[in-house]
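Chains as they are written, first to last, in my numbering: chain A, 13 to 234; chain B, 1421 to 1680. Here is the structure we will look at.
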């Protein structure tokens, strides 16, 4: 086997891929949540529509977008491969198992929070990305109007909020975990990374969750 | 202190091919001063008197330093007490009338030999791949010939404290041997004596760990919390760092050297 296959076929190599793609996706989420705050501009969506038009017509952003999709695919595929390997490492389970109270629920359930995020992602792309960028199925509406109408549906909005809570939990463990996997741990800064991970998970999950809540409340108040 | 009457649910399995099951036993009048293994001795004496097969469990020093013992007790590796091996768990940690479930370590790489005894030779094979330093035989070197800074020596010693009991594998939700392997790699990577073989060591030991069928670390941290020697996650971070360094800076073998 060559160097690449040897390195990334082993568990630690796969985990390095998980860590690097995970951190890349966090950077994307930060950009995404702050860009989407333009939904709150209260200008009928003018600023948001202009921002999304600029983003989808910028060559560099388009290239990064391919990297982003590759990152998403690698992160999910590798995650599922690692999970299935981990399952098979203990074919006979314990009859009685009480996890130590200091271990976090989030760290034990990354596969489940990740799976919900995958389902969410498919629905999310189908609602917005596919009509806006691929099929041109906007029916003359702007992206802002599509967003507003989608979140008028309470079930749709509730699922968004649920998925964003799980995204927050996923990031809560995932961010500092990525640094640990890359070996970037030292008493001087590791507690800072943990705190930064908590802050980022809160900003991203609450930021995104506020959007369906805002539009849904607007719908029922009008 | 009053003595305890307990109900035990113990995993009984005749041999590696038997499917095994939990069997319920009653033990009475157990002193709170007894260790967990002494309590099992008392049970076994009863079983022998009755002409039944005693419960097989691994043990040796009973002082918490040899790493031979280890059971999954009430859903926790080495039982509810932190920082101890099973032999150093005492019956005063339990209450009269308690039901205690005792299972062997569970991992594909740790097949059950009998009852509570598992085959941990997978850990030995990981060590054989690099958990040592190569030295010339002859007269002992002078103690201070190679200088080691105190903080480095201390950090290396926290890794060297590993007794190889396998509780990290047992406690890990993924049955990963990362903490065990990390303790060795980290200790030897820190010390000057381990430096010449550091890259080869991490690559070979990780490859063996994978081949034995252990799972992958997901940074849950259960291993460190259940470790009798409380070996920290910082060693796993150092293992990851050593792996990346080995993959990027390991000097090429003589037949791989680029001439131009």
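Just so it is clear, CB atoms sit at the ideal spot from N, CA and C, and this is done for glycine as well. Predicted model, so just to flag it, every value in this text is computed and none were measured.
TODO: Note down, one range per segment and in chain order, each alpha helix (DSSP H) of at least 4 residues found wholly within the region 96-162 of chain A.
DONE: Scanning the region 96-162 of chain A from its first residue to its last, the whole alpha helix (DSSP H) runs of 4-plus residues come out as 117-120 and 122-136.
- [ ] Kindly indicate the opening and closing residues of the beta strand (DSSP E) around residue 1431 of chain B.
- [x] Per DSSP, the continuous beta strand (DSSP E) segment holding residue 1431 of chain B begins and ends at 1424-1432.
Open item on the list: Using a Cβ-Cβ distance cut-off of 8 Å, determine whether residue 204 of chain A contacts chain B.
Closed with: no
TODO: Return the residues of the region 1635-1648 of chain B that lie within a Cβ-Cβ distance of less than 8 Å from chain A, sorted by chain order.
DONE: Flagged, chain order: 1635, 1636, 1637, 1638, 1639, 1640, 1641, 1642, 1645 and 1646.
Task: Residue environment, residue 151 of chain A, which counts as buried when at least 16 other CB atoms sit within 10 Å - done: exposed
Task: Which of helix, strand or coil DSSP assigns to residue 1640 of chain B - done: coil
Task: is_contact[residue 33 of chain A, chain B] using C-beta, thresh 8 Å - done: No, residue 33 of chain A lies away from the interface with chain B (no Cβ there is under 8 Å from its Cβ).
- [ ] Output yes if chain B places a C-beta closer than 8 Å to the C-beta of residue 207 of chain A; else output no.
- [x] no
Open item on the list: Counting C-beta neighbours from all protein chains within 10 Å, is the total for residue 1611 of chain B 16 or more, i.e. buried, or is it exposed?
Closed with: buried
- [ ] State buried or exposed for residue 1601 of chain B, treating a residue as buried only when at least 16 other CB atoms are found within 10 Å of its CB.
- [x] Residue 1601 of chain B should be labelled buried.
TODO: Determine the extent of the beta strand (DSSP E) in which residue 194 of chain A is found, giving its start and end residues.
DONE: Neither: residue 194 of chain A is in no beta strand (DSSP E) and is coded neither H nor E.
TODO: Put residue 68 of chain A into one of helix, strand or coil per three-state DSSP.
DONE: helix
Task: Interface partners of residue 47 of chain A on chain B, CB under 7 Å - done: Those within 7 Å of residue 47 of chain A in chain B number zero; the least Cβ separation is about 30 Å.
Task: Cα-Cα separation, residue 1511 of chain B to residue 1521 of chain B - done: So the alpha carbons of these two residues sit roughly 14 Å apart.
Open item on the list: Does any residue of chain B have a CB that is nearer than 8 Å to the CB of residue 22 of chain A?
Closed with: yes
TODO: Check whether the region 160-173 of chain A touches the region 218-227 of chain A, counting contact only when three or more Cβ pairs, one atom from each stretch, lie closer than 8 Å.
DONE: Yes, since at least three Cβ pairs between the region 160-173 of chain A and the region 218-227 of chain A fall closer than 8 Å, the two stretches touch.
Task: Where residue 1444 of chain B sits in the DSSP three-state scheme - done: strand
Open item on the list: Please identify the residue among A:108, A:67 and A:32 whose C-alpha is closest to the C-alpha of residue 1764 of chain B.
Closed with: Residue 1764 of chain B falls outside the range modelled here, since chain B spans only 1421 to 1680, and no answer is possible.
Task: Short Cβ contact (8 Å threshold) for residue 1661 of chain B with residue 1586 of chain B - done: No, these two residues do not count as a Cβ contact at 8 Å.
Task: Outcome for residue 1606 of chain B when other beta-carbon atoms lying within 10 angstroms are tallied against a minimum of 16 - done: buried
Open item on the list: Please give the ranges of any beta strand (DSSP E) in the region 1488-1525 of chain B, keeping only runs that are unbroken, at least 3 residues long and fully inside the region.
Closed with: 1519-1523
Task: Near the ligand GTP: residue 162 of chain A beta-carbon under 7 Å from a heavy atom - done: The model on display carries no ligand, and the ligand GTP is accordingly not part of it.
Task: Test: residue 1509 of chain B CB closer than 8 Å to a CB of chain A - done: By this cut-off, residue 1509 of chain B is not an interface position.
Task: residue 1654 of chain B - DSSP class collapsed to helix/strand/coil - done: Helix.
- [ ] Can you tell me the Cβ-Cβ gap for residue 1490 of chain B and residue 1478 of chain B, rounded? I've got them flagged as a contact below 8 Å.
- [x] 7 Å
TODO: Give the range of the beta strand (DSSP E) segment to which residue 1532 of chain B is assigned.
DONE: 1532-1534
- [ ] List the residues of chain A that residue 1547 of chain B touches, going by C-beta distances under 9 Å, in chain order.
- [x] The contacting residues do not exist; residue 1547 of chain B stays about 18 Å from chain A at best.
Task: Exposed unless 16 or more other CB atoms sit within 10 angstroms - verdict on residue 74 of chain A - done: Exposed, because fewer than 16 other Cβ atoms sit within 10 Å of the Cβ of residue 74 of chain A.
Task: Members of the region 183-202 of chain A near chain B, C-beta cut-off 7 Å - done: Closer than 7 Å at the C-beta level to chain B, one finds these residues of the region 183-202 of chain A: 189, 192, 193, 194, 195 and 197.
Task: For residue 1435 of chain B and residue 1509 of chain B, the rounded distance between their alpha carbons - done: 27 Å
TODO: Note down, in chain order, all residues in the region 1658-1674 of chain B with a beta-carbon under 9 Å from any beta-carbon belonging to chain A.
DONE: 1658, 1659, 1660, 1661, 1662, 1663, 1664, 1665 and 1667
Task: Test item: CB-CB of residue 47 of chain A and residue 156 of chain A under 8 Å - done: No, the pair does not count as a contact, with Cβ atoms beyond the cut-off.
Task: Endpoints, alpha helix (DSSP H) assigned at residue 1576 of chain B - done: Where residue 1576 of chain B is concerned, the enclosing alpha helix (DSSP H) starts and stops at 1570-1580.
Task: C-beta atoms of residue 1530 of chain B and residue 101 of chain A nearer than 8 Å - done: no
- [ ] Check the DSSP bridge columns for residue 1538 of chain B and list the partner residues they point to.
- [x] B:1532
Task: chain B within 8 Å of residue 114 of chain A, Cβ atoms only - done: yes
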